[in-house]
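Protein chains in written order, with the working numbering: chain B, 320 to 569; chain U, 24 to 309; chain L, 244 to 567. Every residue gets a Cβ at the ideal spot worked out from N, C-alpha and C, and that includes glycine. For clarity, every value in this text was computed on a predicted model and none was experimentally measured.
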Amino acid sequence: MSAYILETRDLALAYGGFRAVDGVSLRVKAGTIHSVIGPNGAGKTSLFHCLTGGRKPTEGDIVFDGRDVTRRPAHARVGIGMARSFQVTSLFQNLSVRENLRLASQGRDGDRALAFWRPVSAGRAHLERADRIMERLNLSARANAAAGDLSHGQQRVLEVGMALCGEPKLLLLDEPTSGMGIDDIPVMTKLIADLGRDHTVMLIEHNMGIVMSISDTVTVMSRGKVLVEGRPDAVRADERVRAAYLGEAG
Amino acid sequence: MLNLYLFQILNGLGLGMIYFLISVGLTIIFGLLNFVNFAHGAFFMLGCYLCYALLAATGQFWLALLAGPLAVAALAWGAEKLLIRRVYHLPHTFHILITVGVALILQESAIMIWGPIGKSIPIPEALQGVVAMGKFAYPKYRLFLIGFSAVIGFLLWLLLERTRFGALVRAGSESTEMVSLLGADIYKLFSLTFALGVGLAGLAGVLSGPIRGAHPFLGPEVLGIAFVVVVIGGMGSFGGALAGGLLIGLVQSLMTTIWPEGASLMIYGAMAAVILWRPYGLFGRA
Amino acid sequence: MVPLPKGVWGGTTPAVLAILALLPVAVPSATLATEILIFAMAALACNLLLGYGGLLSFGQGLFFGVGSYLAALAMIHLEVGLVAALAIAVAAGAAVATAVGWLAIRRTGIYFVMLTLALAQMGYFLAYTLSKWTGGDNGLLDVPRPPLALFGVELASLDGAYAYYAFVAVLFLAVYVGARRVIDSPFGSTLVAIRENEARAAAVGFDTRHFKMLAFTLSGAVTALAGALYAMLINYVPLDNVAIAMSEHIVIMTIIGGTGSLLGSLLGAGTLVLVGEVLSAIWPRWPLLLGVGLILLVMFLRRGLWGGVESLIARYRRRGEAAE
Chain B
320 MSAYILETRD LALAYGGFRA VDGVSLRVKA GTIHSVIGPN GAGKTSLFHC LTGGRKPTEG
380 DIVFDGRDVT RRPAHARVGI GMARSFQVTS LFQNLSVREN LRLASQGRDG DRALAFWRPV
440 SAGRAHLERA DRIMERLNLS ARANAAAGDL SHGQQRVLEV GMALCGEPKL LLLDEPTSGM
500 GIDDIPVMTK LIADLGRDHT VMLIEHNMGI VMSISDTVTV MSRGKVLVEG RPDAVRADER
560 VRAAYLGEAG
Chain U
24 MLNLYLFQIL NGLGLGMIYF LISVGLTIIF GLLNFVNFAH GAFFMLGCYL CYALLAATGQ
84 FWLALLAGPL AVAALAWGAE KLLIRRVYHL PHTFHILITV GVALILQESA IMIWGPIGKS
144 IPIPEALQGV VAMGKFAYPK YRLFLIGFSA VIGFLLWLLL ERTRFGALVR AGSESTEMVS
204 LLGADIYKLF SLTFALGVGL AGLAGVLSGP IRGAHPFLGP EVLGIAFVVV VIGGMGSFGG
264 ALAGGLLIGL VQSLMTTIWP EGASLMIYGA MAAVILWRPY GLFGRA
Chain L
244 MVPLPKGVWG GTTPAVLAIL ALLPVAVPSA TLATEILIFA MAALACNLLL GYGGLLSFGQ
304 GLFFGVGSYL AALAMIHLEV GLVAALAIAV AAGAAVATAV GWLAIRRTGI YFVMLTLALA
364 QMGYFLAYTL SKWTGGDNGL LDVPRPPLAL FGVELASLDG AYAYYAFVAV LFLAVYVGAR
424 RVIDSPFGST LVAIRENEAR AAAVGFDTRH FKMLAFTLSG AVTALAGALY AMLINYVPLD
484 NVAIAMSEHI VIMTIIGGTG SLLGSLLGAG TLVLVGEVLS AIWPRWPLLL GVGLILLVMF
544 LRRGLWGGVE SLIARYRRRG EAAE
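Given below as structure tokens:
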């Protein structure tokens with residue numbers, strides 16, 4: 320068994336002539352928090368789409384937990400232990416917080432939820448998992464509120480919680496702090512650090528400050544390629560990273 | 024034998040151009056307004072009856088060809104002002120429901136005015152008879168139909184591609200805010216586009232009148248065909264409507280020689296085949 | 244939010260039982276009461292797709308027609324009994340609906356709706372083309388209504404209008420209770436999730452196509468059952484049973500009643516069948532008024548009759564609370 324839970328080999332995603340992801344080889348070590356950062360247009364989101372099954376890469380492979388998942392559709396990645404959050408909050412807005420999490424737990428079993436003759440209440444394990452995760456997210460007080468009625472910060476937390484319900488080996492988080500107010504960001508940072516203790520987390524972030532405190536490894540992307548990879552302090556000190564970010568600012 | 028096929032191919036072109044006119048109207052409306060007009064077939068049916076009524080009253084086909092579509096467009100313009108614009112912001116289900124309501128009203132009104140049994144419409148005198156090309160002879164009216172609708176199609180293309188109105192419609196398909204930024208009255212543009220799209224269905228109705236006659240229950244059938252065309256060609260696409268319309272017209276026409284009872288069935292068979300082969304239509308992308 | 248029902252026999256089921264008992268005396272004839280239940284069944288099946296799955300299908304008329312034709316043909320040519328004829332109809336309806344669903348869900352949104360309508364038209368022309376079997380424009384005549392028999396033992400004749408009503412009422416109750424179970428199942432809750440946010444439903448692990456297809460299968464089975472019962476009610480299968488107008492009819496009933504509530508479907512079917520019966524006797528052009536009614540519904544009563552009833556109850560309750 321390899322120590323790496325996720326590996327990409329020369330991954331590329333081209334839109335016509337434009338190579339949004341251009342030969343990326345990444346290795347995510349099990350049990351770590353691995354962040355991918357980079358300025359706007361660096362290809363982070365496109366890389367994320369390939370990893371979650373939203374887009375089929377035009378070249379290269381993705382190996383997860385010893386399996387080639389390059390062409391596996393999004394929904395079929397959950398069952399083997401990959402789960403994701405969305406950059407733009409994507410919940411079941413009109414359903415309760417508890418039902419959101421219960422559905423997410425049920426999703427892990429895929430087609431077994433086709434059982435139309437069985438009452439929902441028979442799926443005790445899903446309900447219990449939903450309640451457990453609700454507790455961990457500090458959302459139990461809002462269990463019966465519609466997801467759409469939560470505060471923005473709570474919705475972002477629930478967004479991450481949805482991924483957690485799949486009991487994943489790898490959590491793929493797409494800019495979890497995106498759109499969050501300055502007061503909420505520390506809550507999210509703490510939550511991710513906490514999740515990192517019992518999950519492998521791959522984090523896509525735009526904001527360099529957040530990832531530096533919690534990541535074990537940081538990969539910096541620029542123009543579709545890996546620019547630098549290493550421990551946070553090393554990356555922070557790297558001239559090329561500064562240049563890439565300054566380039567964006569200029 | 025070869026002549027028979029040539030004959031059917033020309034028939035298919037004529038039929039295809041009718042389907043094109045219907046579908047391009049549907050498609051223009053959808054493109055700009057994101058609105059699905061389930062009354063489109065009923066407006067076509069009204070066009071057929073106006074052709075009948077105007078011919079019966081005046082004997083002037085040219086008048087019917089001009090006034091029929093304009094009357095249908097005017098009616099659509101009124102319906103847009105009165106009803107349709109109130110539901111743009113609602114989900115598609117309500118667009119469908121309200122236009123199904125309009126279609127029922129049109130269909131029942133047609134029965135009230137012209138009776139439940141269809142009317143046949145005479146071919147205008149000037150276009151009776153055949154054009155002979157050597158051993159091959161083809162009805163004048165059908166030839167006129169192909170030529171006339173091609174001219175209309177070309178004018179429509181010019182309107183959409185070469186005028187300010189067309190630019191606004193195309194801009195509006197991308198983003199309605201853009202139209203407002205360009206300083207145009209978006210509501211006026213919506214009314215005009217709806218009237219134009221429906222007027223094209225009315226024109227198709229008038230043109231097909233002398234071939235197929237008028238019948239109060241034509242609406243749903245025509246709507247079904249228009250849907251087939253846009254599923255194949257893609258919504259909001261001029262070229263798609265043309266290619267889809269011609270393809271379906273030719274399939275139906277050629278099948279008439281091989282299996283007359285199944286000709287209509289094959290239209291839908293063709294659609295199912297296209298969907299299996301390319302789910303997003305001939306020109307569509309995922 | 245959709246409240247979870249308390250067991251399939253609680254909640255609204257007693258109300259349905261009461262309606263079933265009162266319907267044949269409340270409306271002019273048992274035949275009319277039977278017709279209401281048959282269309283309520285079809286509306287219920289449409290509601291599963293539309294109200295819960297968010298799938299607006301104009302293929303319902305096709306499933307209804309398939310049930311009508313297959314049950315009738317099986318009884319006429321294979322001389323099968325009642326139960327077998329209904330079973331054949333249900334199986335055929337489920338199969339056709341699965342096929343239509345499989346094709347139509349390749350697209351979403353408005354293309355999906357158009358595809359269901361076009362595929363239903365395909366069925367219409369197929370029935371028209373196979374006139375040797377279906378009678379084409381003239382319809383399929385002399386459809387029998389065999390007695391209720393199990394394993395060759397005749398249990399009851401259904402010739403009487405009330406006897407047939409009772410039989411249909413029992414089936415309706417079974418469908419109603421079954422539908423409530425489906426809605427309260429992992430499948431039903433996932434269907435709602437897909438309606439709410441398909442991308443998220445896929446992201447948490449559901450293959451949404453499978454769920455949509457099963458919704459079609461179940462909806463088609465029930466709609467075909469309704470179609471078969473209708474053929475036996477009027478002893479005839481008109482070509483109109485597979486026409487777009489039939490699809491529209493079923494969809495309209497469902498929406499008039501109110502989507503997302505099973506009782507609404509019964510209300511919608513009851514209203515439309517009764518109003519049609521009364522008005523068509525006075526004025527054959529009554530569908531014109533239906534058209535006007537649809538426009539008014541879109542303008543003023545978007546949640547349907549059941550939604551209207553619910554807001555009335557809510558208002559009444561608020562007033563009661565204020566008075567206390």
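Just by C-beta distance, which residues in the stretch 344-359 of chain L are closer than 9 Å to chain B? none
Buried or exposed: U:LEU105, going by 16 or more other Cβ atoms within 10 Å of its Cβ? exposed
By DSSP, does L:LEU247 sit in helix, in strand, or in coil? Residue placement at L:LEU247 is flagged as unreliable, the pLDDT there being 45, under the threshold of 50; a coordinate-derived value is accordingly withheld.
When DSSP builds the beta bridges, which residues end up paired with B:ARG338? B:ALA333
Tell me whether L:LYS455 is buried or exposed, calling it buried when 16 or more other Cβ atoms sit within 10 Å of its Cβ. It is buried - the Cβ of L:LYS455 has at least 16 other Cβ atoms within 10 Å.
First through last residue of the beta strand (DSSP E) which encompasses B:LYS544: In the DSSP annotation of this structure, the continuous segment of the beta strand (DSSP E) that includes B:LYS544 starts and ends at 544-549.
So who's on the other strand from B:VAL382, going by DSSP bridges? In the DSSP output, where bridge partners are listed per residue, B:VAL382 has B:GLU326 and B:ASP387.
At the level of alpha carbons, what is the spacing between B:THR408 and L:VAL447? 14 Å
Cβ shell of L:GLN303 (< 6 Å), same chain only, five flanking positions each side left out: Closer than 6 Å at the Cβ level, and outside the excluded window around L:GLN303, lie CYS289, THR466, SER490 and ILE493.
Under 8 Å Cβ-Cβ, which residues of chain L neighbour B:ARG403? ALA446
Let's test the definition: count the other Cβ atoms within 10 Å of the Cβ of U:GLY206 and tell me whether it reaches 16, buried, or not, exposed. exposed
Three-state secondary structure (DSSP) at B:SER541? In the displayed model, B:SER541 falls within a strand according to three-state DSSP.
Endpoints, alpha helix (DSSP H) assigned at U:PHE261: Its alpha helix (DSSP H) spans residues 261-281.
Any C-beta of chain L under 8 Å from that of B:ASN457: Under the Cβ criterion of 8 Å, B:ASN457 is not counted among the residues facing chain L.
Under 7 Å Cβ-Cβ, which residues of chain U neighbour L:ARG528? What L:ARG528 touches in chain U: GLU131, ILE134 and MET135.
Contact set for L:LEU509: own chain, Cβ-Cβ below 6 Å, skip 5 residues either direction: ALA283
In chain order, what residues of the same chain have a beta carbon less than 8 Å from the beta carbon of B:GLN473, not counting five sequence neighbours either side? So the list reads LEU458 and ARG461, once near-sequence residues are dropped.
From which residue to which residue does the alpha helix (DSSP H) around L:LEU411 run? Position check: residue 411 of chain L holds Val in this sequence, whereas Leu was assumed. Element bounds for L:VAL411: 404-426.
Using a Cβ cut-off of 8 Å, which residues of the stretch 108-121 of chain U contact any Cβ in chain C, in chain order? No chain C appears in this structure, whose protein chains are B, U and L.
Nearest-angstrom Cα distance between L:SER523 and L:PRO530? 8 Å
Cutoff 8 Å: L:SER432 Cβ touching any chain B Cβ: yes
U:ILE248 and U:VAL274 closer than 8 Å at C-beta: no
Residues of chain L with CB closer than 7 Å to the CB of U:PHE250, please, in chain order. MET357, LEU360 and ALA361
Beta-carbon proximity of B:LEU422 to L:HIS453, cut-off 8 Å: no
Just by C-beta distance, which residues in the stretch 236-247 of chain U are closer than 8 Å to chain L? PRO243, GLU244, LEU246 and GLY247
Would you list, in sequence order, the uninterrupted alpha helix (DSSP H) runs of no fewer than 4 residues that lie entirely inside the stretch 399-458 of chain B? 416-426 and 443-455
Tell me which residues share the same chain as L:ALA347 and place their Cβ nearer than 6 Å to its Cβ, disregarding the 5 neighbours each side in the sequence. Within its own chain, the residues whose Cβ lies closer than 6 Å to the Cβ of L:ALA347, once the five positions on either side in sequence are excluded, are PHE355, LEU358 and THR359, listed in chain order.
Can you give the Cα-Cα distance for U:HIS115 and U:LEU129, rounded to whole angstroms? 21 Å
What is the residue span of the alpha helix (DSSP H) that L:PHE301 lies within? Neither: L:PHE301 is in no alpha helix (DSSP H) and is coded neither H nor E.
Let me make sure I understand the geometry here. Which of U:PHE61, U:ALA237 and U:CYS74 has the alpha-carbon closest to that of U:VAL221? U:PHE61
Is it buried or exposed, U:GLN31, if we count other Cβ atoms within 10 angstroms and call 16 or more buried? buried
8 Å Cβ cutoff met for B:THR371 and B:ILE381: Taking 8 Å as the Cβ cut-off, B:THR371 and B:ILE381 do not qualify as a contacting pair.
Counterpart residues of B:HIS304 in DSSP-defined beta bridges: An answer regarding residue 304 of chain B cannot be provided, because it is not within the stretch 320 to 569 covered by chain B.
Own chain partners of U:ALA224 with C-beta closer than 6 Å, once the 5 adjacent residues on each side are dropped: ILE45, GLY48, HIS63, PHE66 and PHE67
Counting only beta-carbon separations shorter than 8 Å, does L:ARG546 have a partner in chain B? no
Determine which residues share a DSSP beta bridge with L:ASP380 and list them. The partner list for L:ASP380 (beta bridge, DSSP) is empty, contrary to what the question assumes.
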